[in-house]
Each structure stands twice: as structure tokens, then as C-alpha cells.
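Participant: If you use mature numbering (1 follows the signal peptide of the UniProt record, and there is no 0), the sequence shown corresponds to residues -22 to -1, 1 to 263, in order.
Here a beta-carbon is modelled for each residue, glycine too, at the ideal position from N, C-alpha and C.
Sending over a structure as C-alpha cells; questions will come in a sec.
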Amino acid sequence: MKRKIIAILAFLSLAIMPAAHADSSGVQVVNWYHEILVKFFSIFNPETSANLIALKAEQWSPVFASAFAVLLLIVIAIVSGFSRMKPEQMSDEEILPPKKFGLIAFFELCWSVVSSTLESTIGEKHWMRFVGVLGGTFFVLIISNLSGVLPGFSPATSSMSFTFAAAMAIFVYFNYYGLKEAGFHYIKHLAGPVLWMAPLMFLIEFISLMSRPLSLSLRIFGNISGDHFVFAIFSGLMKDLYIPFIPIPAIFLGFGTFVACLQAFIFMTLSAVYIKLALDSKAHH
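Written as C-alpha cells, this is what we have:
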């Protein structure tokens, strides 16, 4: 246990680097995604200026962070044994949750939340069709969000480009299934049931439909980037404090963890609601 604590303290002391004594600017939090990309671009483009390399590293940091989250999710699935689980071949004792709360128990809890939420939102008949995309989106987002709790790892969800791309993928996904299930009725239902109000209702519903990816992306982007902004303010207040390890108040870490889990859940739930509305458009019409 002592070794684990020492390792965590050493990691945090590297992730939070004290600023130079000359400018007395307090604490500087290093973005390791950015630093690794700077080294990478410097090796393969030695003739490029440092400013241009720094700009490219900043642009590609969300892509690197999202790729890291996906890779970490795959590694966790392999190491924990989730990728090899076959419930139909498991005994009753193996199906029961583990007695001690750990990594496997955490992901089993996440899976139960995902399955119950999708079943209650989309319906018992259709939810299994969408569990791959929506469940995968939830796990990628929650891992990406939780990585931002660790100093030095800026999550991909703190970038508007990533959150908007994820929201646009969901937007295309539920519109595809809406057109597939309801056909022309999916477009026709936007006009409403009253003929003389059809132009106005179509305009309102169309604007509402097109604003969904923007609202999805802004919600998670604003909350996750806000956590980092608060942490940056707190770090900036710690002037002239030059020690190897700078403790982070538990309230910030606890609040950041809560927001990370909540925003991933909200993104998945709203996506499920949009799919449900798309599937029911023909019946509603």
C-alpha cells in the first residue's frame, strides 16, 4: 500500500511542475499529451519551427487523448476479462457481483446503469440494437472524462472539436434509423398534425432537430472544460510555493469525478431519447 501511495505522489509531482523562480508565476500544470506530441513532431520534422510544432501539437492533442481513451478501454476489457465473458456458460457465483469493490465491480456497475437506462428509454424490444454504439460511447466518454481528473492529462472532451464530432456521429446515427424505420413519415412528422400550421411547425421542429448536436456537444464541453478552468485558477493562486508535491484538495477531485460520470451518462441518455423519438416518429404521425 505504501508503494502505491509513493508511486501516486511521484506521478503527481511530475504532472504538476513548479514554475520558474524568475517570474514567480506559481504552479504550471503540464499537458502530457501536448508534450509527447511536441517531441514526436520535433523528431519527424526537425526543420519546423518550435512555434509551429507547438501549434500542431495543440491541434492534435484532443485526437491523441481520444485515441488513448479508446486504447485504454480495450486494454481494460482484455485485462479484466470482459471481452471473454460468456454469461450463458457462467455459474451463479460467477455472475454475482464481486464482494470487494474494484475495477471489475466498477465496470459492472457502469454496465448495469447503461443497460437499465437504455432499456427504460428506448424500450425492451429495441434497446439491444443500440447498446453497442451507445454503450461504447458512454465508456469512451467516461474514461476520457475521468482521465482529466489526473493532473497532466487533459481529456479529449475538454475540446469542442471532439465533443461536436461525437455529437454529429450520434446525430447521423439516429436520423439514419429514423429514415430507415419511418421513411418519409420521419420528415413528414416534423410538420405536425395541423395542416395550416405545417410551415411554422416544420420550421420550429427543424431548428430543434438541427440544434441537438450543438446542445449535446456544448453541455459536455462546458462542464469538463469548466473543471479544468477551476483547477487552473486554484493552481494560479498558489504563488511562490515551490515544493516537489503540491496536494490537490479532495473537493476538486471529488467534484471532478462526479461531473465526469454524470456528463457521460447525460450524453448517452439524451442520445437514447433521440433514437426513441426517431423510432416512434411513424407511430406519432
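#1: List the whole-angstrom C-beta distance separating residue 251 from residue 99, where the pair is believed to meet the contact cut-off of C-beta under 8 Å.
#2: Do the CB positions of residue 130 and residue 8 come within less than 8 Å of each other?
#3: Only counting the same chain, and skipping five residues up and downstream in sequence, which positions put a Cβ closer than 6 Å to that of residue 101?
#4: Between the segment 116 to 133 and the segment 150 to 170, can you find at least three pairs of beta-carbon atoms closer than 8 Å?
#5: Just confirm the distance between the C-beta atoms of residue 85 and residue 138, as a whole number of angstroms; I'd bet it's less than 8 Å.
#6: For residue 256, which of helix, strand or coil comes out of DSSP?
#7: Are the beta-carbon atoms of residue 117 and residue 88 separated by less than 8 Å?
#8: How long is the line joining the alpha carbons of residue 4 and residue 230, rounded to whole angstroms?
#9: For residue 92, count neighbouring Cβ atoms within 10 angstroms of its own Cβ and tell me buried if that reaches 16, exposed if not.
#10: Look at the alpha carbon of residue 178 and the alpha carbon of residue 190, and state the distance between them as a whole number of angstroms.
#11: Cα-Cα, which of 160, 132, 163 is closest to residue 45?
#12: In whole angstroms, give me the CA-to-CA distance for residue 276 and residue 188.
#13: Are residue 50 and residue 246 closer than 8 Å when you measure CB to CB?
#14: Report the rounded CA-to-CA distance for residue 104 versus residue 244, giving the unit in angstroms.
#15: Would you mind giving the Cβ-Cβ distance between residue 173 and residue 164, rounded to the nearest angstrom? I have them listed as a contact below 8 Å.
#16: So, is residue 29 buried or exposed, given that buried needs 16 or more other C-beta atoms within 10 angstroms?
#17: Could you tell me which of 255, 122, 167, 257 sits nearest to residue 11, measuring between CA atoms?
#18: Under the rule that 16 or more other beta-carbon atoms within 10 Å means buried, what is residue 161, buried or exposed?
#19: Which same chain residues, not among the five before or five after residue 257, have their C-beta less than 6 Å away from its C-beta?
#20: For residue 39, is the classification buried or exposed, using 16 other Cβ atoms within 10 angstroms of its Cβ as the cut-off for buried?
#21: Please say whether residue 141 and residue 186 have beta carbons closer to each other than 8 Å?
#22: What residues in its chain sit with their C-beta under 7 Å from that of residue 183, if we drop five residues either side in the sequence?
#23: Which same chain residues, not among the five before or five after residue 259, have their C-beta less than 7 Å away from its C-beta?
#24: Specify the secondary structure class of residue 9 as computed by DSSP and reduced to three states.
#25: Where do the N-terminal and C-terminal ends of the alpha helix (DSSP H) with residue 149 fall, by residue?
Facilitator: On the basis of the data shown:
#1: Their Cβ separation, rounded to whole angstroms, is 6 Å, which keeps residue 251 and residue 99 in contact under 8 Å.
#2: Yes. Within cutoff.
#3: Closer than 6 Å at Cβ, skipping near neighbours: no residue.
#4: Cβ pair count under 8 Å is below three, so no.
#5: About 28 Å; that fails the 8 Å criterion.
#6: Judged by DSSP in its simplified three-state form, residue 256 adopts helix.
#7: Cβ distance < 8 Å, so residue 117 and residue 88 count as in contact.
#8: Residue placement at residue 4 cannot be trusted, given a pLDDT of 45 that sits under 50; what the coordinates show is reported in the next sentence. Rounded to whole angstroms, the separation of the alpha carbons of residue 230 and residue 4 is 19 Å.
#9: Buried, because 16 or more other Cβ atoms sit within 10 Å of the Cβ of residue 92.
#10: Cα-Cα distance, rounded: 19 Å.
#11: Ranked by how close their Cα comes to the Cα of residue 45, the residues 160, 132, 163 have 132 in first place.
#12: Residue coverage of the chain in this structure runs from -22 to 263, which leaves residue 276 outside it and unanswerable.
#13: Result no, Cβ atoms of residue 50 and residue 246 do not sit closer than 8 Å.
#14: Here the alpha carbons of residue 244 and residue 104 stand approximately 20 Å from one another.
#15: Separation of the CB atoms of residue 173 and residue 164 is rounded to 19 Å, and the pair is thereby denied contact status at 8 Å.
#16: Flag for residue 29 reads exposed.
#17: Checked all of 255, 122, 167, 257; the closest Cα to residue 11 is 122.
#18: Its Cβ having fewer than 16 others within 10 Å, residue 161 is exposed.
#19: Around residue 257: 159.
#20: Of the other Cβ atoms in all chains shown, 16 or more fall within 10 Å of the Cβ of residue 39; this residue is therefore buried.
#21: Cβ distance not < 8 Å, so residue 186 and residue 141 don't count as in contact.
#22: Residues of the same chain with a CB within less than 7 Å of the CB of residue 183, apart from the 5 flanking positions on each side, are 168 in chain order.
#23: Only 156, 160, 163, 164, 167 meet the Cβ criterion.
#24: In this structure, DSSP gives residue 9 a state outside helix and strand, which the three-state scheme calls coil.
#25: For residue 149, the uninterrupted alpha helix (DSSP H) run begins and ends at 138 to 160, by DSSP.
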